[in-house]
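Each remark here refers to the structure printed beneath this line.
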Amino acid sequence: MGTTKITAIPGTPFIDIEREVAAPRELVHRAYSDPELLRQWLGPRKYEMIVDAWEPADGRRWRYVHRDADGTEYAFHGVFHGPQTVDRMVQTFEFEGAPGYVSLDAVEFIDQGGRTLIRTHSVHQTVEARDAMIEAGMSSGVEEGFERLDELVGRLGQPVAASASS
Amino acid sequence: MDQLSAVFGALADPTRRAILARLTDRDLSVAELTQPFDVSQPAISRHLKVLERAGLISRNRRATARLSHIEGQPLREATEWLARYRAFWDESYARLDELLASLHPDSQG
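Going line by line, the protein sequences match chains A and B.
Counting from 6, one number per residue, gives the positions in the first sequence under our numbering.
Counting from 58, one number per residue, gives the positions in the second sequence under our numbering.
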């Protein structure tokens with residue numbers, strides 16, 4: 006199983022996510038493009054995902070909803086921009102709970118000889134908006150130094166594990 | 058600047074992270090902290106001031122040396138800050154792995 010690398014350097018409006026998967030990129034691109042496949046993986050298992058619109062093509066609006074067990078809904082929408090290819094998909098992203106706070110997300114699929122590196126670069130309008138998005142946990146770490154931070158916190162002992170799992 | 062921003066600002070610097078890592082073992086004086094680094098003692102003192110303002114360390118005078126002590130709570134809050142975001146993507150990609158494996162069973166591993 007791969008490791009997800011999340012980078013969010015303090016004071017910048019960017020979030021970068023990297024993850025390698027064991028499949029050719031045509032297939033990965035399909036899992037990102039086909040609404041029926043997208044529904045099967047994007048977001049936590051405990052949420053039901055309802056895809057209202059997802060047809061990757063320049064100028065098309067997309068929208069999906071995550072619904073938890075209590076029926077609470079978290080809806081997101083945006084627009085696809087430019088050619089949506091096996092190399093790269095670009096879209097705007099907005100959580101309907103925070104209207105007007107829009108990020109611009111580019112997903113790249115990098116061929117690794119049968120495996121694929123998925124690289125996502127999100128640009129937020131302000132540092133504060135990015136920080137709030139991360140804080141909301143994407144009801145919707147960071148900087149590579151924060152991988153070391155996990156390590157550091159781990160060394161501080163038991164109470165860490167307890168509070169991190171709550 | 059709120060506490061979390063101060064914590065992240067303080068953690069953005071590699072020397073300050075290295076200082077914190079050393080303080081997880083034991084409390085240290087400025088002189089002891091300066092030793093392994095290729096920077097001056099005043100520079101280390103400035104880093105300690107930033108860490109102290111962020112609440113990541115406290116400093117106590119014992120005998121003649123002023124010892125720096127790591128404070129765990131702000132670090133815990135900082136990791137919790139990204140924990141849910143990370144969990145969202147960890148779980149999504151784990152599901153994507155399963156989906157891709159089912160679509161393409163010979164490509165596992």
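Backbone N, C-alpha and C define an ideal beta-carbon position, used for all residues, glycine too.
In this text, all values refer to a predicted model and were calculated from it rather than measured experimentally.
Does any residue of chain A have a CB that is nearer than 8 Å to the CB of residue 161 of chain B? Counted from its first residue, the second sequence places residue 161 of chain B at position 104. So, interface residue.
Backbone secondary structure at residue 124 of chain A - three-state DSSP: Locating residue 124 of chain A in the first sequence gives position 119, counting from the first residue. Residue 124 of chain A: strand per DSSP, three-state reduction.
Cβ of residue 69 of chain B less than 8 Å from any chain A Cβ? Counting from 1 along the second sequence, the entry for residue 69 of chain B is found at position 12. Residue 69 of chain B counts as touching chain A.
From which residue to which residue does the beta strand (DSSP E) around residue 132 of chain A run? By 1-based counting over the first sequence, the position of residue 132 of chain A is 127. Run containing residue 132 of chain A: none in the beta strand (DSSP E); it sits in the alpha helix (DSSP H), 132 to 140.
N- and C-terminal bounds of the beta strand (DSSP E) containing residue 127 of chain B: Position 70 of the second sequence, counted from the start, is the residue given in the question as residue 127 of chain B. Counting along the chain, the beta strand (DSSP E) containing residue 127 of chain B begins and ends at 122 to 127.
Closest Cα partner of residue 35 of chain A within the set A/108, A/19, A/60, A/21: As a position in the first sequence, residue 35 of chain A is number 30, starting the count at 1. Of the candidates A/108, A/19, A/60, A/21, the one whose C-alpha sits nearest the C-alpha of residue 35 of chain A is A/60.
Could you tell me which of A/97, A/57, A/9 sits nearest to residue 70 of chain A, measuring between CA atoms? The count along the first sequence starts at 1 and reaches residue 70 of chain A at position 65. Out of A/97, A/57, A/9, A/57 has the C-alpha closest to the C-alpha of residue 70 of chain A.
So, is residue 136 of chain A buried or exposed, given that buried needs 16 or more other C-beta atoms within 10 angstroms? Start at 1 with the first residue of the first sequence, and residue 136 of chain A comes out as number 131. Buried, since its Cβ has 16 or more Cβ neighbours within 10 Å.
Is it buried or exposed for residue 146 of chain A, if we count other Cβ within 10 angstroms and need 16 for buried? Locating residue 146 of chain A in the first sequence gives position 141, where the first residue counts as 1. Only weak support exists for where residue 146 of chain A lies, its pLDDT of 28 falling under 50; the value from the coordinates is given anyway. Per the 10 Å Cβ criterion, buried.
Taking DSSP as the reference, what is the three-state secondary structure of residue 66 of chain B? Indexing the second sequence from 1 puts residue 66 of chain B at position 9. Helix.
Please identify the residue among B/107, B/118, B/114 whose C-alpha is closest to the C-alpha of residue 128 of chain B. Taking the first residue of the second sequence as 1, we reach residue 128 of chain B at position 71. It is B/114.
Burial state of residue 125 of chain B, where buried means 16 or more other Cβ atoms lie within 10 Å: Within the second sequence, numbered from 1, the residue matching residue 125 of chain B stands at position 68. The residue in question, residue 125 of chain B, is buried, as its Cβ has 16 or more Cβ neighbours within 10 Å.
What would DSSP say about residue 89 of chain A, mapped onto helix, strand or coil? Within the first sequence, the letter at position 84 stands for residue 89 of chain A. Coil.
Rounded to the nearest angstrom, what separates residue 28 of chain A and residue 114 of chain A at their Cα positions? In the first sequence, residue 28 of chain A corresponds to position 23, counting from 1. In the first sequence, residue 114 of chain A corresponds to position 109, counting from 1. When rounded, the distance between both Cα atoms is 11 Å.
Using CA coordinates, which residue listed in A/107, A/111, A/140, A/52 is at the minimum distance from residue 74 of chain A? Sequence index remark: in the first sequence, residue 74 of chain A carries index 69 (1-based). For residue 74 of chain A, the closest C-alpha among the options A/107, A/111, A/140, A/52 is that of A/52.
Determine which residues of the stretch 29 to 42 of chain A have a Cβ less than 8 Å from any Cβ of chain B, and write them out in chain order. 29, 32, 33, 35, 36, 42
Is residue 153 of chain B close to chain A? Criterion is C-beta to C-beta, closer than 8 Å. Walking along the second sequence from the start, residue 153 of chain B turns up at place 96. Taking Cβ atoms only, chain A reaches closer than 8 Å to residue 153 of chain B, which makes this a yes.
Per-residue DSSP class, three states only, for residue 22 of chain A: For this step, residue 22 of chain A is matched to residue 17 along the first sequence. DSSP, read as helix, strand or coil, puts residue 22 of chain A in strand.
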